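Numbering-wise, our numbering puts 39 at position 59 of the sequence shown, and it's gapless, one number per residue.
Remarks on the structure that follows.
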Amino acid sequence: MLKTICYTSKVKPNIDIMGFEALFNETQTKNNTNNITGVLVKKDSAFFQIIEGQPILIDVLFEKIKIDNRHSNIIELVNTSITKLSFKDFNTNYTIIDDLDALYSLQDYLTHLENKECESKAIFLQIIEDLLSSD
């Protein structure tokens, strides 16, 4: 059995561009090492992240995220078991999405939400659109 958690959060204002680069690199390295797949979207001061993998690893990671002082206003959108990884073959297994074309790669995850009749699906879609829409 596998697990996924999807959340959104606000970035603390004291992180500069170098801090973001370090955070993204750290996220990608650690998650790839632990066979955690997913995506991370950042727009302005907002983060949107999907993580998936072994339940214990996902739970431990999300607990760390919740106490990470670089985040605030964490809102959990999805926390459920899954039967397969949606992002297993997604570039280097853990990817930062920064353009509209990359949204198509989320289709498998969205299908999973639809099949589970996830209550947060509409919120999920709206957040993705808001994060990646042009200013």
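By construction, the Cβ of each residue, glycine as well, lies at the ideal position given by its N, Cα and C atoms.
Just so we're clear, the structure is a prediction, and the values are computed from it rather than from any experiment.
Are the CB atoms of Glu56 and Thr(-16) nearer to each other than 9 Å?
Counting from one through the sequence shown, the residue named residue 56 turns up at place 76. Counting from one through the sequence shown, the residue named residue -16 turns up at place 4. Not closer than 9 Å, so no.
Quiz item: By the 10 Å Cβ neighbour count, where 16 or more other Cβ atoms means buried, how is Ile107 classified, buried or exposed?
Solution: The sequence position of residue 107 within the sequence shown is 127, counting from 1. By the neighbour-count rule (16 or more Cβ atoms within 10 Å), Ile107 is buried.
Taking its Cβ as the centre, do 16 or more other Cβ atoms sit within 10 Å of Gly18, making it buried, or is it exposed?
As a working note, residue 18 is residue 38 in the sequence shown. It counts as buried.
| said: Between Arg50, Ile(-3), Thr13, Lys68, which has its C-alpha nearest Val(-9)'s C-alpha? | reply: The residue labelled residue -9 in the question sits at position 11 within the sequence shown. Measuring from the Cα of Val(-9), the nearest candidate turns out to be Arg50.
> In or out: Val21 buried (at least 16 other Cβ within 10 Å) or exposed?
Replying inline: Position 41 of the sequence shown, counting from 1, holds the residue named residue 21. Val21 comes out buried.
> With a Cβ-Cβ cutoff of 9 Å, do Leu41 and Asn14 count as a contact?
Replying inline: Walking along the sequence shown from the start, residue 41 turns up at place 61. Walking along the sequence shown from the start, residue 14 turns up at place 34. Contact flag set, yes.
> CB-CB under 7 Å to Tyr(-13), same chain, minus the five flanking residues each way: which ones, in chain order?
Replying inline: Numbered from its first residue, the sequence shown carries residue -13 at position 7. Around Tyr(-13): Gln29, Ile54, Ile55, Glu56, Leu57.
For a test of the three-state rule: what should DSSP assign to Lys44, helix, strand or coil?
Translated into the one-based positions of the sequence shown, residue 44 becomes position 64. The answer is helix: DSSP assigns Lys44 an H, G or I state.
Worksheet entry | Opening and closing residue of the alpha helix (DSSP H) in which Phe116 lies | This structure cannot speak to residue 116, because the chain is shown only from -19 to 115.
Within 10 angstroms of the Cβ of Ile38, are there 16 or more other Cβ atoms? Answer buried if so, exposed if not. As a first step, residue 38 must be located in the sequence shown, where it is residue number 58. Flag for Ile38 reads buried.
Notebook entry, point to check: Residues in its own chain within less than 8 Å of Lys64 by CB, not counting five upstream and five downstream?
Noted result: As a position in the sequence shown, residue 64 is number 84, starting the count at 1. The residues are Leu(-18).
Margin query: Assuming contact is defined by CB atoms lying nearer than 9 Å, are Ile16 and Lys10 in contact in what I supplied?
Written below: Looking up residue 16 in the sequence shown gives position 36. Looking up residue 10 in the sequence shown gives position 30. Taking 9 Å as the Cβ cut-off, Ile16 and Lys10 qualify as a contacting pair.
Open item on the list: Please classify Ser66 as buried or exposed, where buried requires at least 16 other C-beta atoms within 10 Å of its C-beta.
Closed with: Mapped onto the sequence shown, residue 66 falls at position 86. So Ser66 counts as buried.
Worksheet item: Do you know how far the Cα of Thr7 is from the Cα of Ile(-3)?
Response: Stepping through the sequence shown from its first residue, residue -3 is reached at position 17. Stepping through the sequence shown from its first residue, residue 7 is reached at position 27. When rounded, the distance between both Cα atoms is 15 Å.
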